[in-house]
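Student: Each residue of the sequence shown is one higher than the last, beginning at 23 in our numbering. Beta carbons are placed, not taken as given, at the ideal position from N, Cα and C, and that holds for glycine. Model, not experiment: these values are computed from the prediction. Please read through the structure below; I'll follow up with questions.
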Amino acid sequence: KQLLVAAWKFCRQNNVRQIHCGQMFSTGFAGYWCRLLLGIPYCVYAYGADLLEFDGRLGWGQVLRRILRRADKIIAISKFTRECLLASGVALGRINLVYPSLDLGRFADSIDRAAARDDFGWDGKQVVLSIGRLVERKGQDTVIRALSAVAEKIPTVHYAIGSSGPYRQALEQLAVDEGVAARVEFIGFVDETDLGRRYAAADLFSMVSREIDEVGEVEGFGIVYLEANAVGTAVLAGRSGGVEDAVADGQSGLLVDPEDLDAVAAAIVRLLQDDDLRHRLGAEGQQRVRAEFDREVQAERLWEACR
């Protein structure tokens, strides 16, 4: 209610020509009412999880479809999200596909990888890195479960997990239960100034996200894969949700079934053992990010979509 009142007042006092609603329900609801009351067109952004989470809830699905029906423009962040919108009854011609993007200036062109590894205590280790909120769907637990099998082939494997979240305690206990606690490092929040160095210092970035149908959780895209690629680090990802748009299988990284533990372990071993493959994926991934996911490229697409 407060957001709606604030939006209405702002639009009344300023020459607002179009409203961009970054969340389906909070700002989308405000945009919907400003459209009805003031006639200002609005554009709503869809991510995937927002559609799955609310569409099945009693009453909320109707609200969702009303917001989408009244929207003048609808932006989907991935092909998966576009399919979710189609399933919600949105006509294909009303959906504009605009990918998330990176400010490549945040990532230095040249990072002293050896110095970074020394700073982080990763010398002599083959480091798999995950950065992402610690929740079940991100799949950090899958990598922990795979570590024993990986260690049989890669004795120096080390798994570094960045960020925080409600799943941390469960992950810590899982590492103990699996007998790999000594190989798992929880590095906590990664400061912006260290982000690029963390990605560059790792041998491999992995986040094998999965869809959790019961609660409507899914990876709508996965900006972290682009961040890792931006510094030339290869990625391993779970084939789910919108991840297939973020990761080009065989070009910027490898995609695996996130529910297949053996496949995850085998892919980690393959990437850590095959230096040529890993370096090629990192280099091609970096080129792809610069060509397709620079913020200026996607900003132009967004401008064209919302004109």
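(1) Compute the beta-carbon to beta-carbon distance between glycine 70 and phenylalanine 102, rounded to the nearest angstrom, for a pair I have assumed lies under 8 Å.
(2) For asparagine 118, which residues does DSSP report across the bridge?
(3) Who are isoleucine 153's beta bridge partners in DSSP?
(4) Whose C-beta lies closer than 7 Å to the C-beta of alanine 138 among residues of the same chain, with five residues either side of it excluded?
(5) Here's a check: name, in chain order, each residue in its chain whose Cβ is nearer than 6 Å to the Cβ of leucine 151, leaving out the five neighbours to either side.
(6) In the DSSP assignment, the alpha helix (DSSP H) including phenylalanine 32 goes from what residue to what residue?
(7) Need the endpoints of the beta strand (DSSP E) that valine 53 sits in, please.
(8) Using three-state DSSP, classify glycine 210 as helix, strand or coil.
(9) Taking 7 Å as the limit between beta carbons, can you name the residues of its chain near alanine 327, skipping five residues before and five after?
(10) Sort Ala68, Ala321 and Lys175 by Cα distance to valine 112 and report the nearest one.
(11) Have a look at cysteine 56 and alanine 29 and give me their C-alpha separation to the nearest angstrom.
(12) In angstroms with no decimal places, state the Cα-to-Cα distance between arginine 300 and alanine 52.
(13) Apply the 10 Å Cβ neighbour rule to asparagine 36 and answer buried if 16 or more other Cβ atoms are within range, or exposed otherwise.
(14) Report the partner residues of cysteine 65 according to the DSSP bridge assignment.
Tutor: Reading it off the structure:
(1) 6 Å
(2) Ile97
(3) Gly184
(4) Arg219, Ala222 and Ala223
(5) Ala182, Ala224 and Phe227
(6) 24 to 35
(7) Note that residue 53 is glycine in the sequence shown, not valine. Glycine 53 -> not in any beta strand (DSSP E); alpha helix (DSSP H) instead, spanning 48 to 60.
(8) strand
(9) Lys95, Ile97, Asn118 and Val120
(10) Ala68
(11) 8 Å
(12) 46 Å
(13) exposed
(14) His42 and Lys95
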